[in-house]
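**Q** Sharing a structure here in structure tokens format.
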Amino acid sequence: MKSNELLWLLGAVVFWVAAGVALLALTSCTPPPPYVYKKAEFDRDNPTFNKPLDVRDGVVVCYNEDSTTPAEIRGLAQQACATEGGKAVFVTHVYDKCPAMLIAGAHFSCGLSVEPEPIVQSPARPQGTNPRIDAQGAPATPSAIYEMHYQAPAR
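Going from the sequence shown to the working numbering is simple: count from 1 and add 48.
Below you can see the structure in the form of structure tokens.
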């Protein structure tokens with residue numbers, strides 16, 4: 049083999065390795081899609097392993113607020129609740145069930161008659177509004193809630 053052919057071959061290998069590393073780096077930074085949280089989903093010793101989700105206590109949808117819309121979150125919750133004939137009603141945000149890549153979770157009740165959460169009054173928020181639910185009934189993102197709570201009152 050001539051040295052030019054060897055250099056060309058080495059350059060081609062380096063190019064394809066670099067392209068593979070770049071592709072891997074780009075795809076690993078993409079947050080995973082939202083999903084319905086199922087406790088002990090991968091624990092084969094758990095009696096609920098590989099069984100349908102029990103929605104009596106509601107469902108938690110894990111999501112990344114930078115890449116997920118409230119409509120997607122609500123749609124997943126509604127789809128999960130519909131298996132038992134329920135209707136998804138947003139309850140609150142949770143931060144202790146979802147993994148680091150999908151840090152936020154939205155807890156929905158699947159019952160048809162759910163008592164709404166008491167609304168804490170703030171001078172920055174009109175009476176009778178719940179900052180955790182947007183106009184379509186989907187959960188507001190945590191950053192939107194923060195902005196609502198800490199914005200300066202109108203003067």
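Note that beta-carbon positions come from the ideal geometry of N, C-alpha and C, so glycine has one too.
Quick check on this structure: which residue in Arg122, Gly133, Val69 has the alpha carbon closest to the alpha carbon of Tyr83?
**A** The option with the nearest alpha carbon to Tyr83 is Arg122.
**Q** Go ahead and label Phe63 buried or exposed: buried means 16 or more other beta carbons lie within 10 angstroms of its beta carbon, across all protein chains shown.
**A** It is exposed - the Cβ of Phe63 has fewer than 16 other Cβ atoms within 10 Å.
**Q** If I measure Cβ to Cβ from Asn52 and keep anything under 8 angstroms in the same chain, skipping five residues before and after, which residues do I get?
**A** Nothing meets the Cβ criterion.
**Q** Excluding the 5 residues flanking Thr131 on each side, which residues of the same chain have their C-beta closer than 8 angstroms to its C-beta?
**A** Same-chain partners within the cutoff: Pro100, Leu101, Val103.
**Q** For Gly153, count neighbouring C-beta atoms within 10 Å of its own C-beta (all shown protein chains included) and say buried if the count is 16 or more, exposed if not.
**A** The residue in question, Gly153, is buried, as its Cβ has 16 or more Cβ neighbours within 10 Å.
**Q** State the DSSP-derived secondary structure class of Cys110, mapped to helix, strand or coil.
**A** Reduced to three states, the DSSP call for Cys110 is strand.
**Q** Helix, strand or coil: which one does DSSP assign to Leu55?
**A** Three-state DSSP puts Leu55 in a helix.
**Q** If contacts are defined as beta-carbon pairs under 8 angstroms, then Gly106 and Val142 qualify, I think. What distance do you get, rounded to the angstrom?
**A** With 8 angstroms as the limit, Gly106 and Val142 do not qualify as a contact, their Cβ atoms being about 10 angstroms apart.
**Q** Kindly indicate which three-state DSSP category Val162 falls into: helix, strand or coil?
**A** At Val162, the pLDDT of 46 sits below 50, so the modelled position is not reliable and the matter cannot be decided from this model.
**Q** Note down, in chain order, each residue of its chain lying with its Cβ closer than 6 angstroms to the Cβ of Gln9, except the 5 sequence neighbours on either side.
**A** Outside the shown range of the chain (49 to 203) lies residue 9, about which nothing can therefore be said.
**Q** So the beta strand (DSSP E) Ala154 belongs to, where does it begin and stop?
**A** It spans 152-157 - the beta strand (DSSP E) in which Ala154 sits, taken as one unbroken run.
**Q** Indicate whether Leu72 and Tyr111 have their beta-carbon atoms separated by less than 9 angstroms.
**A** Not closer than 9 angstroms, so no.
**Q** Kindly indicate the opening and closing residues of the beta strand (DSSP E) around Phe138.
**A** That run of the beta strand (DSSP E) goes 137-142.
**Q** Below 8 angstroms on the Cβ atoms is my guess for Val108 versus Lys145; work out the distance and round it to an integer in Å.
**A** With 8 angstroms as the limit, Val108 and Lys145 qualify as a contact, their Cβ atoms being about 5 angstroms apart.
**Q** Could you check the C-alpha separation between Asn98 and Tyr85 for me, to the nearest Å?
**A** If I take the Cα positions, the gap works out to 13 angstroms.
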